[in-house]
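A.B. asks:
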Amino acid sequence: MKKATSYFILLVLLLVVFLVLKYRERQYEASEQTNQQGSRKGKANSSSESNLDFFRDPEAEYYFTKHARCRMDCRHITQKEVKEIVRKAEVNYNKSELDAPKGPTYALEGYTSKDKQHVRIIVAPKQRHLSIVTVIDLDEDWECPSCK
Numbered sequence: 001m002k003k004a005t006s007y008f009i010l011l012v013l014l015l016v017v018f019l020v021l022k023y024r025e026r027q028y029e030a031s032e033q034t035n036q037q038g039s040r041k042g043k044a045n046s047s048s049e050s051n052l053d054f055f056r057d058p059e060a061e062y063y064f065t066k067h068a069r070c071r072m073d074c075r076h077i078t079q080k081e082v083k084e085i086v087r088k089a090e091v092n093y094n095k096s097e098l099d100a101p102k103g104p105t106y107a108l109e110g111y112t113s114k115d116k117q118h119v120r121i122i123v124a125p126k127q128r129h130l131s132i133v134t135v136i137d138l139d140e141d142w143e144c145p146s147c148k
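At position 93 of the sequence shown the residue is numbered 93 (this note's numbering), and the sequence of numbers has no breaks.
1. Alpha carbon to alpha carbon, how far is residue 7 from residue 14? Give it in angstroms, no decimals.
2. Short of 6 angstroms in beta carbon distance, which residues of its chain neighbour residue 61, apart from the five on each side in sequence? Order them along the chain.
3. In angstroms with no decimal places, state the Cα-to-Cα distance between residue 105 and residue 24.
4. Measuring only from the beta carbon, is residue 8 closer than 6 angstroms to any heavy atom that is part of the ligand COA?
5. From the DSSP output, in three-state form, read off residue 139 for me.
6. When the distance is taken between beta carbons, is residue 124 closer than 7 angstroms to residue 135?
7. Closest to residue 57 by C-alpha separation, out of 97, 141, 85 and 112, would be which residue?
8. State yes or no: is the C-beta of residue 110 within less than 7 angstroms of the C-beta of residue 89?
9. Pick out the complete alpha helix (DSSP H) segments inside the region 70-127, 4 residues or longer, and give them in chain order.
10. Which residues bound the beta strand (DSSP E) around residue 64?
11. In whole angstroms, what is the alpha-carbon distance linking residue 143 and residue 22?
The following block contains the structure:
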């Protein structure tokens, strides 16, 4: 009788583990399906639009890393200028890392409207925001000793 009770408890535990795993699998599939259906604002819906249109979304949220903020300060580039370049810049695929282990990063290049700085911005699109990794002035080499 004791042995049968032990087997019954083990069977119930295995059933619970199986059900939890199935539930998680369904949750993961549902979130993947939502992402594929365009949960990201501004994502391309037709073949005539770029797959990178989410950069152009004026309502996109931006997260500036500590390193990016430091580089922007050294190079006299404002958040407004960064957002402007991200929205209208072209992607330099030679400098982008689309298969990076932590997710793709895009090198967006353009000129600031205020003082015409030629700038490259490294952007890592995340699920809920655009993460600005760093900001580079392509024409002038600025000294930024504190931005290591």
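Note that the Cβ used here is the ideal one computed from N, Cα and C, for glycine as well.
C.D. replies: On the basis of the coordinates in this document:
1. 10 angstroms
2. 129
3. 29 angstroms
4. This structure lacks the ligand COA; in fact it carries no ligand of any kind.
5. coil
6. no
7. 85
8. yes
9. 79-88
10. 62-64
11. 54 angstroms
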